[in-house]
Amino acid sequence: MATRLTGAARLLAQARDHWNRPGTTSLSGAPVRTLPETHQSTVNPYWDLASTVPVHERTLPVEGSGVLVEVLPPPHGPFGWWVPQKQIAWAVPSPGDLAWLEERLGGRPVLDLGAGLGYWSWQLRQLDIDSLAYDLGTGSRAWLDDVEPYATVHNGPAEVAADHPDRALLLCWPPANGMADTALHHYQGDTVVYVGELNPDVCAGQAFFTALERWDLLGHSPFHVNLYGFRGVLRAYRRRECDRPPRRTEGACRNSATSGTCDRW
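For the sequence shown, position 95 matches number 95 in the UniProt record's numbering, and the numbering has no gaps at all.
Structure representation (structure tokens):
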């Protein structure tokens, strides 16, 4: 099993080796243009990788989806988009994303649900943000390569959201299989952070987006970057005051993650 930084470093070395060769061009045939240098407050090898490959010259039509970077298989690049997604995360957290998210959280801890290898939690923890990562376990990790997680990732279902009302709920590229809707239904907190596409057939599912219409959009990160072929966004939502349940503290509900009920409000 590769250590968490070894695998990311290997991908970065492959990308640099490919794109530093004389005569390489972007997908359009234009000279390679990369993302501008940006101050980083975290160790972020995914961003290092994104900063090495060409910026795609086409603007995405989805507000908040930012720019594309050309992570492409041969002959256009050393590997396809699915390689870093399997070894790092589905979405690239840019330094701007992290600063934007830190401001929106306002000191709130985070529940990173469907965390995969825990990369986003690792980034948040480097900013001294308490991020608790959960995933369904080995079954849901079948897509992932044999790479050591970037943070401790606990096994647990979407219903575990009920046990953490004091944390912001982070959903990063949730599958369109009902997981996101289940998590949102059980979540009693007031802040949702969504990373992914707005197409319900790609991410989260229609029921999730329908339920999210009752939440207020706080905004989207203007610094988001997508791998080629994707239209993801980073958005934050706040529960409307009229929809807020009676307040309880984290851990006050016994067995709610499995029973779906709470006996202490």
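Positions of the beta carbon are idealized from the N, C-alpha and C atoms, including for glycine. Computed from a predicted model, the values in this text were never measured in an experiment.
Next item on the list: Would you mind reading off the limits of the beta strand (DSSP E) that contains G219?
Entry: Position 219 of the sequence shown, counting from 1, holds the residue named residue 219. Its beta strand (DSSP E) spans residues 215 to 220.
Next item on the list: Would you be able to state if there are at least three C-beta pairs under 8 Å between the region 220 to 228 and the region 199 to 212?
Entry: no
Checklist line | Neighbourhood of F209 by C-beta, 7 Å cutoff - its chain only, sequence neighbours within 5 removed | finding: Your numbering for residue 209 matches position 209 in the sequence shown. Excluding positions up to five away in sequence, the list reads P200.
Check: Is residue 274 buried or exposed, if buried means 16 or more other CB atoms sit within 10 Å of its CB?
Finding: What is shown of the chain runs 1 to 265, which leaves residue 274 out entirely.
Item checked: C-alpha gap between V62 and L68, whole angstroms -> As a first step, residue 62 must be located in the sequence shown, where it is residue number 62. As a first step, residue 68 must be located in the sequence shown, where it is residue number 68. C-alpha separation (whole angstroms): 12 Å.
Notebook entry, point to check: In three-state DSSP terms, what is Y134?
Noted result: Position 134 of the sequence shown, counted from the start, is the residue given in the question as residue 134. Reduced to three states, the DSSP call for Y134 is strand.
Margin query: Using the Cβ count rule (16 or more neighbours within 10 Å means buried), how would you classify V43?
Written below: By 1-based counting over the sequence shown, the position of residue 43 is 43. Answer is exposed; the Cβ neighbour count stays below 16.
Notebook entry, point to check: Grouping DSSP H, G and I as helix and E and B as strand, with all else coil, what is L117?
Noted result: Residue mapping note: residue 117 aligns to position 117 of the sequence shown, counting from 1. If DSSP states are grouped into helix, strand and coil, L117 belongs with coil.
Margin query: For Q188 and T182, I'd like the C-alpha separation in whole angstroms.
Written below: Residue 188 sits at position 188 when you count from the first residue of the sequence shown. Residue 182 sits at position 182 when you count from the first residue of the sequence shown. The straight-line gap from Cα to Cα measures roughly 12 Å.
Next item on the list: Pull up the distance between the alpha-carbon of W215 and that of L101, whole angstroms please.
Entry: Reading the sequence shown from its first residue, position 215 is the one you call residue 215. Reading the sequence shown from its first residue, position 101 is the one you call residue 101. So the alpha carbons of these two residues sit roughly 18 Å apart.
Checklist line | Chain-order list of residues whose beta-carbon lies under 7 Å from that of G229 (same chain, five-residue window excluded) | finding: Taking the sequence shown and counting its residues from 1, one reaches residue 229 at position 229. Excluding sequence neighbours, G229 sits near W81.
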